[in-house]
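Straight run, no breaks: the sequence shown in our numbering ends on number 248.
The C-beta atom is built at its ideal place from N, Cα and C for all residues, glycine as well.
Here the structure is laid out as structure tokens; the discussion comes afterwards.
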Amino acid sequence: MTGLRLDGRVALITGAAGSIGSAIARCFAAAGAHLCLADRGPMAPLAAEVAALGRRAIMATVDVTLPAEIDALVARTLDAFGRLDILVNVAGVTSMGNAATLAVAEWDRVLAINLKGSFLCCQAVIPAMRQQRYGRIINLGSVLGKNGGNARPWIDPAEQERAGNIAYGVSKAGVHAMTAYLARELAADGITVNAIAPGPIATAMTTSLPATIQALIPVKRMGQAEDVADAALFLAGAQASFVTGEVLDVNGGIWSD
């Protein structure tokens, strides 16, 4: 998106090693932001790309389900840069499983990472953002948190076995609700809180997506990680200062509300 700048801003991106997280990191760095890249996977090549753009980047290995690690992550970001302007919660896991057969352990795993982890990160950045009277929080939701997920066994029971995802859909619906709540609580502090709800995005997490679901996308293509990054850049900047509590659809028309 031409003309959208983040010069001098500091962004903390969880899930930075994944397709969407790394696309957001590159986009933000190109727009002028310095970055804290957080993930459990390798981030050195991405940090090198950020440095090549003339921006500073630090890396942190973190488990977003552990409050102590999140607190340490935020403290390290503040120590390195002196401020923290933007949080992008990308860290998450996908999950397949029907309601009748899903293991409780899988439910707990998905909710812990996707919902609890996002909340802990939001909670941890609030004091710093309140102190500086400025903040942008961007959460990654999903179209599956809006449309009830891929539950349609009356069309194709075999597809349901491959694409049912109750835990994932519920976790992302929770992210949407949390976004709406935090937006209202933090608005007077100069902090906006928004979410992006991607549709099918071509990443390692969607390689098993049935062709019948891909065929439902009106624009006739899978989304790209850069589509999500462009939306995040808009929400992170000054141009979105009057946008808060929004769950922005980036889904090629597969769902609208």
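A direct Cα-Cα distance of roughly 24 angstroms separates isoleucine 11 from alanine 66. Cα atoms of alanine 7 and alanine 35: separation of roughly 11 angstroms, rounded to the nearest angstrom. By the Cβ rule, the region 234 to 247 counts as touching the region 184 to 194, because three or more pairs are nearer than 8 angstroms. Listed in chain order, the non-local C-beta contacts of serine 86 below 7 angstroms within the same chain comprise Glu97, Val101, Asn156, Ala158, Tyr159, local neighbours out to five positions each way being set aside. The DSSP assignment places complete alpha helix (DSSP H) segments of no fewer than 4 residues inside the region 207 to 247 at 216 to 227, in order along the chain. Rounded to whole angstroms, glycine 244 and phenylalanine 225 show a C-alpha spacing of 19 angstroms. Counting only the Cα atoms, valine 134 lies some 7 angstroms from tryptophan 246. Sorting Val241, Leu75, Gly(-1), Ala193 by C-alpha distance to the C-alpha of valine 219 places Val241 at the top. Straight-line measurement puts the Cα of glutamate 60 at about 41 angstroms from the Cα of alanine 149. Rounded to whole angstroms, the separation of the alpha carbons of alanine 222 and glycine 228 is 10 angstroms. DSSP places methionine 50 in the uninterrupted beta strand (DSSP E) bounded by 48 to 52. Buried is the label assigned to alanine 115, since at least 16 other Cβ atoms lie within 10 Å of its Cβ.
Comparing alpha-carbon positions, the option among Ala20, Val79, Val53, Asp54 lying closest to glutamate 40 turns out to be Ala20. A contact is defined here as three or more CB-CB pairs under 8 angstroms, and the region 117 to 125 fails this definition with respect to the region 43 to 55. DSSP places leucine 111 inside the alpha helix (DSSP H), whose first and last residues are 108 to 123. Separation of cysteine 18 and glycine 108 (C-alpha to C-alpha, rounded to the nearest whole angstrom) is 23 angstroms. Judged by DSSP in its simplified three-state form, aspartate 76 adopts coil rather than helix or strand.
Taking C-beta atoms under 8 angstroms as the contact rule, threonine 170 and asparagine 130 qualify, at a distance of about 5 angstroms. Apart from the 5 residues on each side of it in sequence, alanine 216 sits with its Cβ closer than 7 angstroms to the Cβ of Ser10, Ile11, Ala14, Ile192, Thr194 in its chain, given in chain order. Out of Cys27, Asn89, Leu93, Val79, the CA that lies nearest to the CA of alanine 63 is found in Cys27. A direct Cα-Cα distance of roughly 12 angstroms separates valine 95 from asparagine 89. Counting every other CB atom within 10 Å of its CB across the protein chains shown gives threonine 5 a total of 16 or more, marking it as buried.
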